[in-house]
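Numbered per the numbering used here, the sequence shown spans residues 10 to 610.
Below is one structure; the comments refer to it alone.
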Amino acid sequence: MKRTCSVAGNTLFPILAIVLLLSGCKRDLDSATNEKTKLAAAGSYTVFTTQRPTTTDSDTPVELGMKFKSTVSGEITKFRYFKPAGETGTHTGRLWSAGGVSLKTAVFTNETDTGWQTVVLDTPYHIVKDSIYVISVNAVTRYAATPSELGVAIVNGPLSNIAGNNGVYTYKSGTFPVSSYSNTNYYRDIEFVATDNDANAPTAPGNLSTSGITNNSVVLGWSASTDDVGVTGYEIYKNGSLLTTVTTTSFSVTGLSQGTAYSFYVKATDAFGNRSASSNVVTITTLNTGGITHGMQLTTSLVGPTGISITSFTTVPGGTFTGTALNGWGSLARTVGAGGETIDGFTFPAGTVVLQGANVSSRITVSSGWLVIRGCKGAILANHPLGNAGGVAALYCELSQFNTGGRKWNMQPVASIVHRCYFPHSGLENVYSDNVTVTECWITPDPAAAGADDHIDGIQTWGGQYYLNFSRNHIEFNGPYTPQAALSGMIGMYSDGDQLGFEGYDHVAVNNNYFILHGYGVALHAPLAVPVTNMTVTGNRWKWSTDAEDKDYTNAVYHNPSWSIPNYKANGNSWSNNRWADGPYADSFLLPDNQTSRLEY
């Protein structure tokens, strides 16, 4: 945008252009005073009446506009702009919402060579009171301007420009202008007739709810309002301030800050600018997903229902889930519509049932269909018959149990997902299926509760499994740390027989977990004495235990000398960057045979 908008300062501006501009002003059909009088008498208003440009400028094609509003509702009947001498080409007027939604366009015809140009709209466009709009008209090579004129409000009847940060432009003609320089008036205007004569406001929007919360966005949805004339839109308020206006009953709010609390409510507007009472207020906290490179960055405030600000729960029954919500779940459950839905970064198919904010009184056994529990308390068993394409996900839940069947028993969910869940006294015992994801969970089992000669694990697998992802989890044992606890593993990847002919592990990720050691139990029991392919063990961290005998005889990595260790330099396997997080050997590497080394594997 050329910003030499002063006649005195523009030494290259031709004298002839100034003469043409001034003569163009004289050729207006009405004098400025007569124009104002005529419009007021007819009940029509424009923002600009006596104002005239002080300069013109040459530039490449540019979209120029003005932000304005009306104190009453009414009809925009015409678009207009001031044309300087020498400007040619086709000009299109465009009306925009404050958020950049195109509302109305009209092409100017029968233009004169200079002065105010007007186009009558094919149908008037209704605007609501006290809402901001933008009128823009493109310039091909030249435009008229007055610097700083829109720094204060110019008021004519119900109309006024928006003072400050006005006079907007963009160098892509036909698109919403957002840039501003020196509050320059580019003389883009409308003609308006007031029609505000409806005193009845719409009913308040109902049942405002949230879904799809991410680190920077949330989806809002609400029930439609009613009005005696007609609802024209919904105003969405964020933390008490108007965010935007939409015509739908849902809206995806983006651009939020991670780990931040926000409140929202919605008001309906009608054709005459009346506003309803506010909907119910909903409050959310965006996810804090940044910085979780290891489970050591997790806190209990980021996992479980507290991680998404769910603090109250409705008790609902458990039972066997077969693709539809169980009796008693009521409005806490919803069904994903056509096209599927992404929730907390995971995509689920149409027909998925989502249960949120529930305290499930007994274990849910999922035997068909897709179930997502989010921000709930309860226990899950994924027991899908092999090949039925159902699955289960627990997102931001507090769980006492999460188990899956396996191919050995002809049971195989298509996928099992556990993300940002809190296991205060147990773990994921008996996870025997393929396609299991356990990420960013806080897992603290009670091994002593298992009794003598038994164990309880943080994540326990059988073997004979494909596509497992155990990453960025925080795992430790709750005390007391008794001898029988030595049998338990934080991640125990055992080899207890084959599943349909396969007893090893393939495509496994054990990455960036945080193991907190104590005197008993094993942190990582990686696969031993079975085929292992495409397995990565990378970026894990171990907190030093003062109970350890020495650096090589800790319970950091289980190693039985009589069992073979997989070759982590072949068969697609990798073992790298696994270190002590603190203690006397901080930053030293832990190797597959449980040796501490200053050298990488």
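Every residue gets a Cβ at the ideal spot worked out from N, C-alpha and C, and that includes glycine.
- Closest option to isoleucine 525, judged by alpha-carbon separation, among Asn487, Cys385, Trp471: Asn487.
- When only Cα atoms are considered, glycine 313 and serine 106 end up about 40 Å apart.
- When C-beta atoms of the stretch 159 to 179 are compared with those of the stretch 206 to 226, fewer than three pairs fall below 8 Å, so the two segments do not count as touching.
- For glycine 414, the closest of Tyr431, Gly400, Leu335 by C-alpha to C-alpha distance is Gly400.
- If you draw a straight line from the Cα of glutamate 485 to the Cα of glycine 436, it comes to about 10 Å.
- Between the alpha carbons of valine 427 and valine 531 lies a gap of roughly 22 Å.
- Note that the C-beta distance between asparagine 165 and phenylalanine 91 is not below 9 Å.
- Where threonine 448 is concerned, the enclosing beta strand (DSSP E) starts and stops at 445 to 448.
- Under the three-state reduction of DSSP, serine 310 is assigned to helix.
- Contact check for tyrosine 152 and glutamate 96: beta-carbon distance about 7 Å, within the 8 Å limit, so the pair qualifies.
- The stretch 204 to 218 and the stretch 75 to 84 touch, with no fewer than 3 CB-CB distances between them shorter than 8 Å.
- Here glycine 506 is exposed, its C-beta having fewer than 16 other C-beta atoms within 10 Å.
- When only Cα atoms are considered, valine 275 and proline 358 end up about 29 Å apart.
- With the rule of 3 Cβ pairs closer than 8 Å, the stretch 340 to 349 counts as touching the stretch 361 to 371.
- When the five nearest sequence neighbours on each side are left out, the beta carbons in the same chain lying within less than 6 Å of the beta carbon of leucine 477 are those of Val445, Val517, in order along the chain.
- The criterion of a C-beta distance shorter than 9 Å is not satisfied by phenylalanine 77 and alanine 115.
- In the three-state reduction of the DSSP assignment, tryptophan 551 falls in the strand class, which pools E and B.
- By the neighbour-count criterion, in which a residue is buried when 16 or more other Cβ atoms sit within 10 angstroms of its Cβ, alanine 457 is buried.
- If you draw a straight line from the Cα of asparagine 564 to the Cα of threonine 219, it comes to about 45 Å.
- The residues Pro211, Thr212, in chain order, have a CB closer than 7 Å to that of threonine 235 in the same chain once the five nearest residues on each side in sequence are set aside.
- Using a Cβ distance threshold of 9 Å, isoleucine 319 and tyrosine 405 count as a contacting pair.
- In the structure shown, the three-state DSSP call for serine 340 is helix.
- Cβ neighbours of serine 606 within its own chain (closer than 7 Å, five residues either side excluded): Ser597, Phe598, Leu600.
- Nearest in C-alpha terms to leucine 159, of all of Arg197, Tyr246, Leu217, Gln474, is Arg197.
- The C-beta of serine 376 has 16 or more other C-beta atoms within 10 Å across all chains shown, which makes the residue buried.
- The residues Leu217, Thr219, Phe273, in chain order, have a CB closer than 6 Å to that of valine 291 in the same chain once the five nearest residues on each side in sequence are set aside.
- As summarised for the stretch 314 to 401, the continuous beta strand (DSSP E) elements at least 3 residues long and confined to that stretch are 323 to 325, 328 to 330, 342 to 344, 350 to 352, 355 to 357, 362 to 365, 367 to 369, 373 to 375, 379 to 383, 386 to 391, given in chain order.
- For threonine 453, the closest of Ile500, Asn248, Thr241, Val161 by C-alpha to C-alpha distance is Ile500.
- Residue pairing by DSSP places leucine 73 opposite Val146, Tyr178 in a beta bridge.
- Where glutamate 609 is concerned, there is no enclosing beta strand (DSSP E), because DSSP gives it neither an H nor an E.
- One alpha carbon belongs to serine 67, the other to threonine 184, and they sit about 20 Å apart.
- A direct Cα-to-Cα measurement between arginine 103 and valine 129 gives close to 12 Å.
- For the 9 Å CB-CB criterion, tyrosine 610 and tryptophan 584 form a contact.
- Contiguous beta strand (DSSP E) elements confined to the stretch 180 to 245 occur at 197 to 203, 215 to 220, 227 to 232, taking only those with 3 or more residues.
- In the three-state DSSP reduction, glutamate 84 falls in the strand class (E or B).
- Just so you know, the alpha carbons of leucine 296 and valine 149 end up roughly 47 Å apart.
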